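In our numbering, the protein residues as written are 1 to 210. Comments concern the structure below.
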Amino acid sequence: MRRAAAGNPVGQWFMGVIYERGFGVPRSDSEAGRWWRLAADQGNAFAQGNLGLMYATGRGVPQSDTEAVRWFRLAADQGNAIVQASLGLLYANGRGVPQSYTEAVRWFRLAADQGDATAQNSLGVMYDKGRGVLQSDTEAVRWYRLAAEQGNAFAQHNLGVMYENGRGVSQSDTEAVRWYRLAADQGLASAQNNLGVMYDKGRGVPQSDT
1 MRRAAAGNPV GQWFMGVIYE RGFGVPRSDS EAGRWWRLAA DQGNAFAQGN LGLMYATGRG
61 VPQSDTEAVR WFRLAADQGN AIVQASLGLL YANGRGVPQS YTEAVRWFRL AADQGDATAQ
121 NSLGVMYDKG RGVLQSDTEA VRWYRLAAEQ GNAFAQHNLG VMYENGRGVS QSDTEAVRWY
181 RLAADQGLAS AQNNLGVMYD KGRGVPQSDT
């Protein structure tokens, strides 16, 4: 607290975390935002990313995609992979910026190259759909696999779809079931549905109606 009061940006960022989570103080999004803004104004990338997320979701501040983009960009320009992935999603969906798949891919790739699983899955989707890049099942599978191996449920589901349909990989119901199951075990409804279909049809598993 002394460091935060003295203007130390790391201390200010940490005070924001304390208020966000209610560690020894009443939980307060507005107080978290106040401390994060102090740190963000001094260039702390973590605080900039946190503040961007608050604006994106309207927690503790009025919701504003434009402000979310502003703070995300400041953090992303410092190499924060999580924020780069979030900024890519805003570009992909045209939130706070004109929609641009090319810009989305650029930010996804920067984050994916740092090992961020969310960005790796998102980049896989862009290759899968041919958005901002030339469509490539092989590249889609490559990025899905990197994210899936880190436990990303969406990527596990997407990789299962590629195996089920033989896109970018040799068709394999067994592999499809394996990846669907991993995602389903994390509660992903689409994977649970696909796994149920595989059991219903006896594909990659013994047929079962129950």
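Ideal Cβ placement from N, Cα and C applies to all residues, glycine included. No experiment lies behind these values; they were computed from the predicted model shown.
On the DSSP letters alone, give me the boundaries of the alpha helix (DSSP H) that ASP41 sits inside. 29-41
Express the C-alpha separation of MET198 and ASN80 in angstroms, rounding to a whole number. 39 Å
Does ARG142 come out as helix, strand or coil in the three-state DSSP assignment? helix
Could you tell me the alpha carbon to alpha carbon distance between VAL169 and TYR163, rounded to whole angstroms? 6 Å
Hey, could you find the ends of the alpha helix (DSSP H) GLN12 is sitting in? 9-21
Do you know offhand how far ASN158's Cα is from GLY7's? 46 Å
From what residue to what residue does the alpha helix (DSSP H) around ASP185 run? Taken as a continuous stretch (DSSP letters only), ASP185 belongs to no alpha helix (DSSP H), as it is neither H nor E.
Determine the burial state of PRO26: buried for a count of at least 16 other Cβ atoms within 10 Å of its Cβ, exposed for fewer. exposed
Short of 6 Å in beta carbon distance, which residues of its chain neighbour ASP137, apart from the five on each side in sequence? Order them along the chain. Its chain contains ARG167 and GLY168 as the residues whose beta carbon lies nearer than 6 Å to that of ASP137, once the 5 sequence neighbours on both sides are disregarded; these appear in chain order.
What is the residue span of the alpha helix (DSSP H) that PRO158 lies within? Note that residue 158 is Asn in the sequence shown, not Pro. Element bounds for ASN158: 153-165.
Please list the terminal residues of the continuous alpha helix (DSSP H) segment that includes ARG212. Residue 212 is absent from the structure shown; the chain starts at 1 and stops at 210.
May I ask which residues mark the beginning and end of the alpha helix (DSSP H) holding ASP128? 117-129
Out of THR102, LEU89 and PRO98, which has the shortest C-alpha to C-alpha gap to SER122? LEU89
Could you round the C-beta distance between VAL61 and GLY96 to whole angstroms and report it? I think they count as a contact, below 8 Å. Wrong, their Cβ atoms sit about 14 Å apart, outside the cutoff.
If you reduce the DSSP assignment to three classes, tell me which class GLU149 lands in. coil
Would ASP128 and ALA117 be called neighbours here (beta carbons separated by less than 7 Å)? The Cβ atoms of ASP128 and ALA117 lie no closer than 7 Å to each other.
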